[in-house]
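Notes for the one structure printed next.
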(Lines of atoms letter the chains of each structure in order from A; the text may use other names.)
(Lines give C-alpha, C1' and ligand atoms only; values in the text may rest on other atoms or scores of the structure.)
Protein backbone atom coordinates (compact mmCIF):
# COMPACT_ATOMS: atom_id res chain seq x y z
CA UNK A 412 0.00 0.00 0.00
CA UNK A 413 1.31 3.46 -0.90
CA UNK A 414 1.20 5.77 2.10
CA UNK A 415 0.09 9.29 1.20
CA UNK A 416 0.85 12.26 3.48
CA UNK A 417 -2.17 14.26 4.55
CA UNK A 418 -2.12 17.90 3.56
CA UNK A 419 -4.46 20.64 4.68
CA UNK A 420 -3.29 22.96 1.90
CA UNK A 421 -6.23 22.29 -0.47
CA UNK A 422 -8.70 22.39 2.43
CA UNK A 423 -7.31 25.76 3.50
CA UNK A 424 -7.56 27.08 -0.06
CA UNK A 425 -11.23 26.10 -0.27
CA UNK A 426 -12.02 27.65 3.12
CA UNK A 427 -10.27 30.90 2.14
CA UNK A 428 -12.23 30.89 -1.12
CA UNK A 429 -15.42 30.42 0.89
CA UNK A 430 -14.59 33.36 3.14
CA UNK A 431 -14.00 35.70 0.21
CA UNK A 432 -17.04 34.57 -1.79
CA UNK A 433 -19.32 34.48 1.24
CA UNK A 434 -18.64 38.13 1.94
CA UNK A 435 -19.48 38.96 -1.70
CA UNK A 436 -23.17 38.00 -1.49
CA UNK A 437 -24.28 40.59 1.10
CA UNK A 438 -21.85 43.15 -0.33
CA UNK A 439 -23.41 42.76 -3.79
CA UNK A 440 -26.89 43.18 -2.28
CA UNK A 441 -26.30 46.92 -1.97
CA UNK A 442 -25.60 47.18 -5.72
CA UNK A 443 -28.03 44.77 -7.38
CA UNK A 444 -31.17 46.90 -6.97
CA UNK A 445 -29.68 49.86 -8.89
CA UNK A 446 -27.52 48.03 -11.43
CA UNK A 447 -29.62 44.96 -12.14
CA UNK A 448 -28.41 41.36 -11.76
CA UNK A 449 -27.03 40.89 -15.28
CA UNK A 450 -24.88 44.03 -15.38
CA UNK A 451 -23.62 43.44 -11.86
CA UNK A 452 -22.73 39.84 -12.67
CA UNK A 453 -20.66 40.93 -15.66
CA UNK A 454 -18.84 43.64 -13.72
CA UNK A 455 -18.04 41.22 -10.89
CA UNK A 456 -16.44 38.85 -13.38
CA UNK A 457 -14.56 41.64 -15.12
CA UNK A 458 -13.19 42.60 -11.72
CA UNK A 459 -12.01 39.01 -11.32
CA UNK A 460 -10.36 39.04 -14.76
CA UNK A 461 -8.57 42.31 -14.03
CA UNK A 462 -7.29 41.03 -10.70
CA UNK A 463 -5.70 37.86 -12.12
CA UNK A 464 -4.62 39.26 -15.50
CA UNK A 465 -0.91 39.72 -14.61
CA UNK A 466 -0.57 36.09 -13.48
CA UNK A 467 -2.73 34.77 -16.34
CA UNK A 468 -0.69 36.61 -18.99
CA UNK A 469 2.54 35.33 -17.43
CA UNK A 470 1.33 31.73 -17.46
CA UNK A 471 -0.03 32.01 -21.00
CA UNK A 472 3.28 33.32 -22.33
CA UNK A 473 5.19 30.58 -20.57
CA UNK A 474 3.12 27.77 -22.14
CA UNK A 475 1.76 29.49 -25.25
CA UNK A 476 3.40 26.94 -27.61
CA UNK A 477 2.07 23.95 -25.67
CA UNK A 478 -1.13 22.24 -26.92
CA UNK A 479 -3.90 22.84 -24.38
CA UNK A 480 -6.42 20.15 -23.51
CA UNK A 481 -9.77 20.89 -21.93
CA UNK A 482 -11.07 23.74 -24.10
CA UNK A 483 -14.57 22.24 -24.05
CA UNK A 484 -14.47 21.90 -20.26
CA UNK A 485 -13.36 25.52 -19.95
CA UNK A 486 -16.14 26.70 -22.27
CA UNK A 487 -18.75 24.82 -20.25
CA UNK A 488 -17.38 26.27 -17.02
CA UNK A 489 -17.59 29.77 -18.48
CA UNK A 490 -21.20 29.34 -19.64
CA UNK A 491 -22.62 27.67 -16.53
CA UNK A 492 -20.38 29.21 -13.89
CA UNK A 493 -19.72 32.62 -15.38
CA UNK A 494 -23.05 33.39 -17.04
CA UNK A 495 -26.04 31.27 -16.02
CA UNK A 496 -25.22 30.80 -12.32
CA UNK A 497 -24.43 34.40 -11.33
CA UNK A 498 -27.39 35.87 -13.23
CA UNK A 499 -29.86 33.49 -11.59
CA UNK A 500 -28.32 34.01 -8.15
CA UNK A 501 -28.37 37.82 -8.39
CA UNK A 502 -31.96 37.70 -9.71
CA UNK A 503 -32.93 35.70 -6.65
CA UNK A 504 -30.95 38.08 -4.46
CA UNK A 505 -33.08 40.97 -5.72
CA UNK A 506 -36.18 39.17 -4.35
CA UNK A 507 -34.84 38.04 -0.95
CA UNK A 508 -32.60 39.14 1.89
CA UNK A 509 -28.89 38.36 1.63
CA UNK A 510 -28.88 36.10 4.70
CA UNK A 511 -31.41 33.66 3.25
CA UNK A 512 -29.76 33.67 -0.19
CA UNK A 513 -26.42 32.94 1.47
CA UNK A 514 -27.86 29.81 3.07
CA UNK A 515 -29.79 28.69 -0.02
CA UNK A 516 -26.48 28.69 -1.85
CA UNK A 517 -25.49 25.62 0.16
CA UNK A 518 -27.67 23.67 -2.30
CA UNK A 519 -24.71 24.03 -4.65
CA UNK A 520 -23.00 21.34 -2.59
CA UNK A 521 -25.88 18.94 -3.21
CA UNK A 522 -26.05 19.72 -6.92
CA UNK A 523 -22.31 19.22 -7.24
CA UNK A 524 -22.40 15.87 -5.44
CA UNK A 525 -25.33 14.47 -7.42
CA UNK A 526 -23.95 15.57 -10.78
CA UNK A 527 -20.49 14.30 -9.86
CA UNK A 528 -21.85 10.87 -9.00
CA UNK A 529 -24.14 10.57 -12.02
CA UNK A 530 -21.97 12.02 -14.77
CA UNK A 531 -18.37 12.62 -13.61
CA UNK A 532 -17.29 9.31 -12.00
CA UNK A 533 -16.87 10.66 -8.46
CA UNK A 534 -17.39 8.19 -5.64
CA UNK A 535 -19.62 9.24 -2.74
CA UNK A 536 -20.36 6.85 0.11
CA UNK A 537 -23.31 6.53 2.48
CA UNK A 538 -22.01 9.22 4.81
CA UNK A 539 -21.68 11.60 1.90
CA UNK A 540 -25.27 11.09 0.81
CA UNK A 541 -26.45 11.50 4.41
CA UNK A 542 -24.68 14.82 4.62
CA UNK A 543 -26.14 16.07 1.36
CA UNK A 544 -29.60 15.13 2.62
CA UNK A 545 -29.04 17.24 5.72
CA UNK A 546 -28.04 20.21 3.58
CA UNK A 547 -31.22 19.85 1.50
CA UNK A 548 -33.37 19.73 4.64
CA UNK A 549 -31.72 22.83 6.07
CA UNK A 550 -32.09 24.78 2.83
CA UNK A 551 -35.76 23.88 2.27
CA UNK A 552 -36.53 25.01 5.81
CA UNK A 553 -35.31 28.49 4.93
CA UNK A 554 -37.84 29.07 2.12
CA UNK A 555 -40.42 30.56 4.48
CA UNK A 556 -42.37 33.82 4.18
CA UNK A 557 -39.68 35.89 5.86
CA UNK A 558 -36.96 34.72 3.49
CA UNK A 559 -38.26 36.11 0.20
CA UNK A 560 -40.56 33.29 -0.89
CA UNK A 561 -40.51 30.32 -3.19
CA UNK A 562 -39.64 32.23 -6.38
CA UNK A 563 -36.36 33.47 -4.95
CA UNK A 564 -35.56 30.01 -3.60
CA UNK A 565 -36.17 28.42 -7.03
CA UNK A 566 -33.95 30.96 -8.79
CA UNK A 567 -31.10 30.40 -6.35
CA UNK A 568 -31.63 26.64 -6.60
CA UNK A 569 -31.28 26.77 -10.40
CA UNK A 570 -28.14 28.87 -9.94
CA UNK A 571 -26.77 26.15 -7.70
CA UNK A 572 -27.37 23.51 -10.39
CA UNK A 573 -25.51 25.67 -12.91
CA UNK A 574 -22.65 26.10 -10.47
CA UNK A 575 -22.70 22.37 -9.74
CA UNK A 576 -22.00 21.74 -13.43
CA UNK A 577 -19.33 24.44 -13.34
CA UNK A 578 -17.65 22.86 -10.31
CA UNK A 579 -17.43 19.45 -11.94
CA UNK A 580 -16.15 20.82 -15.22
CA UNK A 581 -13.62 23.09 -13.50
CA UNK A 582 -12.21 20.28 -11.35
CA UNK A 583 -11.31 18.38 -14.54
CA UNK A 584 -9.49 21.22 -16.34
CA UNK A 585 -5.77 20.44 -16.31
CA UNK A 586 -4.48 22.19 -19.44
CA UNK A 587 -4.51 25.71 -17.99
CA UNK A 588 -3.19 27.34 -14.83
CA UNK A 589 -5.57 28.51 -12.11
CA UNK A 590 -4.97 32.14 -13.12
CA UNK A 591 -5.74 31.36 -16.77
CA UNK A 592 -8.96 29.55 -15.86
CA UNK A 593 -10.10 32.45 -13.68
CA UNK A 594 -9.08 35.04 -16.26
CA UNK A 595 -10.84 33.33 -19.18
CA UNK A 596 -14.00 32.81 -17.17
CA UNK A 597 -14.08 36.41 -15.94
CA UNK A 598 -13.24 37.94 -19.32
CA UNK A 599 -15.80 36.06 -21.41
CA UNK A 600 -18.55 36.05 -18.78
CA UNK A 601 -18.23 39.80 -18.42
CA UNK A 602 -18.09 40.36 -22.18
CA UNK A 603 -21.50 38.69 -22.56
CA UNK A 604 -23.24 39.87 -19.38
CA UNK A 605 -22.27 43.57 -19.40
CA UNK A 606 -23.75 44.43 -22.85
CA UNK A 607 -26.91 42.45 -22.10
CA UNK A 608 -27.22 44.16 -18.72
CA UNK A 609 -26.95 47.58 -20.33
CA UNK A 610 -29.51 46.68 -23.02
CA UNK A 611 -32.12 45.66 -20.44
CA UNK A 612 -31.77 48.92 -18.54
CA UNK A 613 -28.94 48.35 -16.09
CA UNK A 614 -26.85 51.37 -15.14
CA UNK A 615 -24.05 52.22 -12.74
CA UNK A 616 -22.45 55.36 -11.39
CA UNK A 617 -18.67 55.67 -11.33
CA UNK A 618 -18.63 54.77 -7.65
CA UNK A 619 -20.84 51.73 -8.19
CA UNK A 620 -18.64 50.62 -11.10
CA UNK A 621 -15.49 50.74 -9.00
CA UNK A 622 -17.23 49.00 -6.10
CA UNK A 623 -18.41 46.17 -8.37
CA UNK A 624 -14.95 45.69 -9.87
CA UNK A 625 -13.37 45.65 -6.40
CA UNK A 626 -15.91 43.15 -5.05
CA UNK A 627 -15.35 41.00 -8.12
CA UNK A 628 -11.57 41.12 -7.77
CA UNK A 629 -11.71 39.80 -4.22
CA UNK A 630 -14.92 37.77 -4.04
CA UNK A 631 -14.70 36.24 -7.51
CA UNK A 632 -11.07 36.57 -8.67
CA UNK A 633 -9.07 35.58 -5.61
CA UNK A 634 -11.83 33.23 -4.47
CA UNK A 635 -12.02 31.38 -7.79
CA UNK A 636 -8.26 30.91 -8.05
CA UNK A 637 -8.17 29.38 -4.57
CA UNK A 638 -11.19 27.20 -5.27
CA UNK A 639 -9.85 25.84 -8.57
CA UNK A 640 -6.55 24.90 -6.93
CA UNK A 641 -8.43 23.08 -4.17
CA UNK A 642 -10.88 21.35 -6.52
CA UNK A 643 -8.05 19.90 -8.59
CA UNK A 644 -6.75 18.22 -5.42
CA UNK A 645 -9.99 17.22 -3.66
CA UNK A 646 -12.46 16.67 -6.49
CA UNK A 647 -15.61 18.67 -7.14
CA UNK A 648 -17.77 17.29 -4.32
CA UNK A 649 -15.26 17.49 -1.50
CA UNK A 650 -13.96 20.91 -2.47
CA UNK A 651 -17.55 22.10 -2.58
CA UNK A 652 -18.05 20.62 0.87
CA UNK A 653 -15.50 22.99 2.33
CA UNK A 654 -16.65 25.82 0.10
CA UNK A 655 -20.16 25.33 1.48
CA UNK A 656 -19.03 27.31 4.52
CA UNK A 657 -19.30 30.44 2.32
CA UNK A 658 -22.94 31.06 3.35
CA UNK A 659 -21.90 31.04 7.00
CA UNK A 660 -19.40 33.81 6.27
CA UNK A 661 -22.10 35.56 4.25
CA UNK A 662 -24.50 35.39 7.19
CA UNK A 663 -21.89 36.92 9.46
CA UNK A 664 -21.35 39.83 7.06
CA UNK A 665 -25.10 40.32 6.47
CA UNK A 666 -25.69 40.51 10.22
CA UNK A 667 -22.58 42.41 11.29
CA UNK A 668 -22.26 44.92 8.44
CA UNK A 669 -25.74 45.28 6.95
CA UNK A 670 -27.70 44.65 10.17
CA UNK A 671 -29.96 42.06 8.54
CA UNK A 672 -32.29 40.03 10.72
CA UNK A 673 -31.25 36.49 11.62
CA UNK A 674 -34.09 34.29 12.81
CA UNK A 675 -34.23 30.95 14.59
CA UNK A 676 -34.36 29.14 11.23
CA UNK A 677 -30.98 30.59 10.30
CA UNK A 678 -29.31 29.30 13.44
CA UNK A 679 -30.95 25.88 13.14
CA UNK A 680 -29.71 25.67 9.55
CA UNK A 681 -26.19 26.60 10.66
CA UNK A 682 -26.20 23.73 13.14
CA UNK A 683 -27.48 21.22 10.58
CA UNK A 684 -24.96 22.31 7.98
CA UNK A 685 -22.10 22.14 10.46
CA UNK A 686 -23.16 18.57 11.24
CA UNK A 687 -23.20 17.74 7.53
CA UNK A 688 -19.71 19.19 7.13
CA UNK A 689 -18.37 16.98 9.91
CA UNK A 690 -20.05 13.84 8.54
CA UNK A 691 -18.56 14.40 5.09
CA UNK A 692 -15.15 14.98 6.63
CA UNK A 693 -15.29 11.51 8.21
CA UNK A 694 -15.75 9.75 4.85
CA UNK A 695 -12.79 7.73 3.51
CA UNK A 696 -12.34 5.78 0.28
CA UNK A 697 -9.52 3.29 -0.42
CA UNK A 698 -8.84 0.54 -2.97
CA UNK A 699 -6.27 -0.55 -5.55
CA UNK A 700 -6.46 1.47 -8.76
CA UNK A 701 -4.58 2.16 -12.00
CA UNK A 702 -3.11 5.39 -13.32
CA UNK A 703 -2.62 5.97 -17.01
CA UNK A 704 0.29 8.02 -18.33
CA UNK A 705 -0.70 11.67 -18.71
CA UNK A 706 0.64 15.21 -18.92
CA UNK A 707 -1.09 18.22 -17.39
CA UNK A 708 -0.83 21.40 -15.29
CA UNK A 709 -1.94 21.89 -11.69
CA UNK A 710 -0.70 22.65 -8.17
CA UNK A 711 1.12 19.68 -6.64
CA UNK A 712 3.82 18.47 -4.24
CA UNK A 713 6.50 15.81 -4.61
CA UNK A 714 5.72 13.75 -1.51
CA UNK A 715 2.24 12.52 -2.46
CA UNK A 716 3.16 9.29 -4.23
CA UNK A 717 2.16 10.61 -7.66
CA UNK A 718 4.60 13.38 -8.57
CA UNK A 719 8.14 12.03 -8.93
CA UNK A 720 9.13 13.97 -12.06
CA UNK A 721 12.36 15.93 -12.39
CA UNK A 722 12.67 19.68 -12.80
CA UNK A 723 14.88 21.74 -15.03
CA UNK A 724 15.72 24.05 -12.17
CA UNK A 725 17.53 23.78 -8.86
CA UNK A 726 14.89 23.05 -6.23
CA UNK A 727 17.06 24.36 -3.41
CA UNK A 728 17.23 27.79 -5.06
CA UNK A 729 13.56 28.05 -5.96
CA UNK A 730 12.00 26.62 -2.82
CA UNK A 731 10.37 23.69 -4.64
CA UNK A 732 11.23 21.16 -1.98
CA UNK A 733 9.40 17.83 -1.99
CA UNK A 734 6.65 19.10 0.32
CA UNK A 735 6.25 22.57 -1.21
CA UNK A 736 3.24 23.39 -3.38
CA UNK A 737 4.00 24.63 -6.90
CA UNK A 738 2.41 24.64 -10.36
CA UNK A 739 3.75 23.76 -13.82
CA UNK A 740 3.19 21.32 -16.68
CA UNK A 741 4.47 17.83 -15.85
CA UNK A 742 4.14 14.20 -16.95
CA UNK A 743 3.08 11.02 -15.11
CA UNK A 744 4.09 7.44 -15.79
CA UNK A 745 1.51 4.67 -15.64
CA UNK A 746 1.33 2.92 -12.26
CA UNK A 747 -0.89 0.79 -10.02
CA UNK A 748 -1.15 1.20 -6.25
CA UNK A 749 -3.54 1.30 -3.29
CA UNK A 750 -4.20 4.17 -0.91
CA UNK A 751 -6.98 6.37 0.46
CA UNK A 752 -7.80 9.00 -2.13
CA UNK A 753 -10.21 11.67 -3.30
CA UNK A 754 -11.46 12.00 -6.88
CA UNK A 755 -8.83 14.55 -7.88
CA UNK A 756 -7.27 14.91 -11.33
CA UNK A 757 -5.48 11.58 -10.89
CA UNK A 758 -8.37 9.53 -9.51
CA UNK A 759 -11.29 9.66 -11.95
CA UNK A 760 -11.35 5.89 -12.41
CA UNK A 761 -14.41 3.67 -12.73
CA UNK A 762 -15.65 1.67 -9.72
CA UNK A 763 -16.81 -1.80 -10.72
CA UNK A 764 -18.62 -4.22 -8.41
CA UNK A 765 -15.38 -5.62 -7.00
CA UNK A 766 -14.07 -2.19 -6.13
CA UNK A 767 -17.34 -1.24 -4.47
CA UNK A 768 -17.09 -4.28 -2.23
CA UNK A 769 -13.53 -3.50 -1.21
CA UNK A 770 -13.83 0.27 -0.89
CA UNK A 771 -13.81 1.46 2.69
CA UNK A 772 -16.47 4.04 3.53
CA UNK A 773 -16.10 5.03 7.17
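Residue numbers (the numbering used here): 412 to 773. We treat Cβ as the ideally placed atom computed from N, Cα and C, and that holds for glycine.
Measuring C-alpha to C-alpha distances from residue 602 to each of 443, 439, 692 and 460 identifies 460 as the nearest. Runs of the alpha helix (DSSP H) lying entirely within the region 415-480, each at least 4 residues long, are 420-446 and 448-473 in chain order. Counting along the chain, residue 654 sits inside the alpha helix (DSSP H) bounded by residues 647-654.
When DSSP states are grouped into helix, strand and coil, residue 523 belongs to the helix group. For residue 582, the enclosing alpha helix (DSSP H) begins and ends at 561-583.
Straight-line spacing of the CA atoms in residue 431 and residue 424 works out to 11 Å. For residue 676, the uninterrupted alpha helix (DSSP H) segment begins and ends at 675-693.
Bounds of any alpha helix (DSSP H) do not take in residue 491, whose DSSP letter is neither H nor E. A straight-line Cα-Cα distance of about 7 Å links residue 442 and residue 451.
In the three-state reduction of the DSSP assignment, residue 610 falls in the helix class, which pools H, G and I. Following the DSSP letters along the chain, one finds residue 657 inside the alpha helix (DSSP H) bounded by residues 657-667. In chain order, 454, 457, 458 and 461 place their CB closer than 7 Å to the CB of residue 624, counting only its own chain and leaving out the 5 sequence neighbours on each side. Annotated three-state conformation of residue 517 is coil, per DSSP. Counting of Cβ neighbours within 10 angstroms places residue 444 among the exposed residues, the total staying below 16. Here the C-alpha atom of residue 536 lies approximately 12 Å from the C-alpha atom of residue 527. Excluding sequence positions up to five before and after residue 580, its CB lies within less than 6 Å of the CB of 484, 487 and 488, all in the same chain and listed in chain order.
Around the beta carbon of residue 587, 16 or more other beta carbons lie within 10 angstroms, which makes this residue buried. Residue 653 counts as buried, since at least 16 other C-beta atoms from the protein chains shown sit within 10 angstroms of its C-beta. Of the residues assessed, residue 659 falls on the buried side of the cut-off, its CB having 16 or more other CB atoms within 10 angstroms. The C-alpha of residue 548 lies about 26 Å from the C-alpha of residue 670. Between residue 693 and residue 538, the gap from beta carbon to beta carbon is short of 8 Å.
Each residue's CA atom was taken as its position, placing residue 525 and residue 591 some 28 Å apart.
Out of 583, 529, 511 and 543, the CA that lies nearest to the CA of residue 647 is found in 583. When C-alpha distances from residue 427 are compared across 533, 683, 466 and 642, the shortest belongs to 642. When rounded, the separation of the alpha-carbon atoms in residue 691 and residue 523 is 14 Å.
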